[in-house]
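Trainee: Under the UniProt record's numbering, the first residue of the sequence shown is numbered 1, with each subsequent residue one higher.
Virtual Cβ for every residue (Gly too), placed ideally from N, Cα, C.
One structure, pasted below without further comment.
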Amino acid sequence: MKIDQIFSPYQLNKRVTLRNRLVLAPLNIQSSLFDGSVSLNNLNFHKARAKYVGLDIIGSAYISDSANTAYGAISVADDSKIDGLKKLATVIHQGGSKAILQLVHAGRMTNSYASKGAPVLTPSEVKAAHGDVDLPKAMTKTDIETVIKQFETATIRAIKAGFDGVELHGANTFLFQQFMSPLSNLRTDEYGGSLENRIRFCAETAKRVLDTAHAHKPG
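See below:
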């Protein structure tokens with residue numbers, strides 16, 4: 001890309017056009033309230049940056065208490081968070097930027113403090129080799145379906161809050177990577193073993209989120 005294209009508009013999809021090609025990459029600034037509600041610090045941080053970029057991606061919004069990556073992350077785990085998220089999307093839009101909410105599940109990369117006592121879930125009962133983490137619980141097929149539904153519901157909340165889209169966090173050794181890696185995924189069912197099986201959870205979640213977004217998109 002030529003340097004003069006950085007400040008030219010970019011068609012992200014049929015509905016969303018970015019005013020320029022500058023993107024604030026997803027960050028967890030660990031400034032939300034204890035329950036994950038949007039704080040004044042969250043609002044001020046993104047307000048200051050939204051006036052420059054074309055796209056602002058809010059990082060690591062956790063979809064359930066057990067999905068929380070760290071204290072201070074933003075929650076999209078229940079409907080009570082929608083009003084705060086709506087304020088966040090609004091300040092970003094007022095600055096001229098589009099807003100994306102990144103959805104995350106920590107999997108085994110969390111502990112009972114961050115998860116507020118909710119079970120720490122992962123593909124197999126293999127504790128992470130580093131970090132302040134607890135021994136995780138191997139996910140049943142019911143757990144897998146529950147988590148996928150939580151991603152769907154979080155997507156609906158993001159749309160209700162006025163975000164222009166969602167992003168799935170698939171890095172940093174969080175849940176999606178835990179399913180993909182043979183080091184953390186020792187399952188012998190259709191979610192483990194071959195590469196095709198290990199990516200099944202990721203593919204199923206992505207499809208369900210995409211279908212949900214299309215079904216609930218505004219207008």
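(1) Would residue 97 and residue 56 qualify as a contact pair, given that the criterion is a beta-carbon distance under 8 Å?
(2) Which of the three DSSP states, helix, strand or coil, is assigned to residue 175?
(3) Using a Cβ-Cβ cut-off of 8 Å (strictly less than) and excluding sequence neighbours within five positions of residue 135, which residues of its own chain qualify?
(4) CA-CA distance, residue 177 and residue 131?
(5) When the Cα atoms are used, what is the spatial distance from residue 181 to residue 198?
(6) Could you pull the start and end residues of the beta strand (DSSP E) that residue 25 belongs to?
(7) Rounding to the nearest angstrom, what Cα-Cα distance links residue 15 and residue 100 in this structure?
(8) Look up residue 61 in the DSSP assignment and give the residues it is bridged to.
(9) Is there a C-beta anywhere in chain D that falls below 8 Å from the one on residue 184?
(10) Does DSSP classify residue 206 as helix, strand or coil?
(11) Determine whether the beta carbon atoms of residue 106 and residue 33 lie at a separation below 8 Å.
(12) Going by Cα to Cα distance, which pick from 88, 67, 84 and 93 is closest to residue 103?
(13) Is the distance from the Cβ of residue 30 to the Cβ of residue 77 below 8 Å?
(14) Does DSSP put residue 122 in a helix, a strand or coil?
(15) In angstroms with no decimal places, state the Cα-to-Cα distance between residue 59 and residue 150.
(16) How about residue 20 and residue 3: do their beta carbons lie closer than 8 Å?
(17) What are the uninterrupted segments assigned as beta strand (DSSP E) that are 3 or more residues long and contained completely in the region 141-192, given in chain order?
(18) Less than 6 Å between C-beta atoms, sequence neighbours within five positions excluded: which residues of the same chain meet that for residue 137?
Mentor: On the basis of the supplied data:
(1) Against a cut-off of 8 Å, the Cβ pair of residue 56 and residue 97 comes out as a contact.
(2) Assigned with DSSP and collapsed to three states, residue 175 falls in helix.
(3) Answer for residue 135: 120, 125 and 127, listed in chain order.
(4) Our two residues, residue 177 and residue 131, have alpha carbons roughly 16 Å apart in a direct line.
(5) Approximately 7 Å, taken between the alpha carbons.
(6) First-last of the beta strand (DSSP E) with residue 25: 23-27.
(7) Rounded to the nearest angstrom, the gap between the Cα atoms of residue 15 and residue 100 is 13 Å.
(8) Beta-bridge pairing by DSSP links residue 61 to 103.
(9) You won't find chain D in this structure, because it holds only one protein chain.
(10) Helix.
(11) Judged by their CB atoms, residue 106 and residue 33 are not nearer to each other than the 8 Å cut-off.
(12) For the residues 88, 67, 84 and 93, the minimum Cα distance to residue 103 belongs to 67.
(13) Residue 30 places its beta carbon 8 Å or farther from that of residue 77.
(14) Strand.
(15) In a straight line, the C-alpha of residue 59 is about 17 Å away from that of residue 150.
(16) At least 8 Å separates the beta-carbon of residue 20 from that of residue 3.
(17) Whole beta strand (DSSP E) segments, 3+ residues: 165-168.
(18) Excluding sequence positions up to five before and after residue 137, its CB lies within less than 6 Å of the CB of 119 and 121, all in the same chain and listed in chain order.
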